[in-house]
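Have a look at the structure below, then the notes.
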Amino acid sequence: MLKEFRDFILRGNVVELAVAVIVGAAFSAVVTALAASFITPLIALIGGKSDFSGLVFTISGTDFPYGLFLNALIAFLIIAGIVFFLVVRPMNTLMARIRREDEPGSDAPAEDVVLLTEIRDLLSAQGPAR
Numbered sequence: 062m063l064k065e066f067r068d069f070i071l072r073g074n075v076v077e078l079a080v081a082v083i084v085g086a087a088f089s090a091v092v093t094a095l096a097a098s099f100i101t102p103l104i105a106l107i108g109g110k111s112d113f114s115g116l117v118f119t120i121s122g123t124d125f126p127y128g129l130f131l132n133a134l135i136a137f138l139i140i141a142g143i144v145f146f147l148v149v150r151p152m153n154t155l156m157a158r159i160r161r162e163d164e165p166g167s168d169a170p171a172e173d174v175v176l177l178t179e180i181r182d183l184l185s186a187q188g189p190a191r
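Residue numbers (the working numbering): 62 to 191.
Below, the structure written as structure tokens:
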């Protein structure tokens with residue numbers, strides 16, 4: 062039973078997942094610090110406020126703190142933008158460059174063009190249609 066558990070824990074997928082969670086948590090801390098240090102103050106310069114948590118509206122004595130939702134939405138958009146522009150786009154560019162280098166440069170015509178050429182040649186060898 063312990064051997065089976067050890068085999069499960071030491072499988073590649075579990076270890077890779079654990080590493081991904083740890084790196085993801087560290088990366089989240091970096092992105093959150095970047096957003097809090099640079100992006101949120103820029104929003105405060107433009108919009109006048111960097112924290113919308115005090116925004117509420119009341120209906121029949123019930124408070125609806127929509128400012129909390131705005132804070133979460135802005136934080137999500139900031140983090141998504143940072144991840145996209147600083148991680149996803151550069152990674153896609155790198156992967157495209159690697160794929161381009163891996164593809165062999167072939168000057169041979171495509172397979173369907175070769176087949177159509179053979180058909181044309183066979184038809185012309187038979188002579189005109191009667």
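Here a beta-carbon is modelled for each residue, glycine too, at the ideal position from N, C-alpha and C. These numbers were taken from a predicted model, which means no experiment stands behind them.
Among the options, which has the Cα closest to the Cα of residue i?
i: Gly115; options: Gly109, Pro126, Asn74, Ile107; result: Pro126
i: Ala136; options: Ala157, Thr178, Val148, Leu103; result: Leu103
i: Leu131; options: Leu78, Leu71, Val117, Glu164; result: Val117
Quick check: what's the CA-CA separation for residue i versus residue j?
i: Met152; j: Ile159; result: 10 Å
i: Asn74; j: Val80; result: 10 Å
i: Arg161; j: Arg150; result: 16 Å
i: Asp173; j: Thr154; result: 31 Å
i: Ala169; j: Ala141; result: 44 Å
Identify every residue that forms a DSSP beta bridge with residue i.
i: Asp124; result: Thr119
If I measure Cβ to Cβ from residue i and keep anything under 8 Å in the same chain, skipping five residues before and after, which residues do I get?
i: Ile143; result: Val92, Leu95, Ala96, Ile100
i: Ile83; result: none
Within the same chain, show all residues whose beta-carbon is closer than 6 Å to that of residue i, passing over the 5 residues directly before and after it, in chain order.
i: Ser121; result: none
Review point. Considering only residues of the region 120 to 187, which uninterrupted alpha helix (DSSP H) runs meet the minimum length of 4 residues and lie entirely inside it, listed in chain order?
Key: 127 to 144, 150 to 163, 172 to 187
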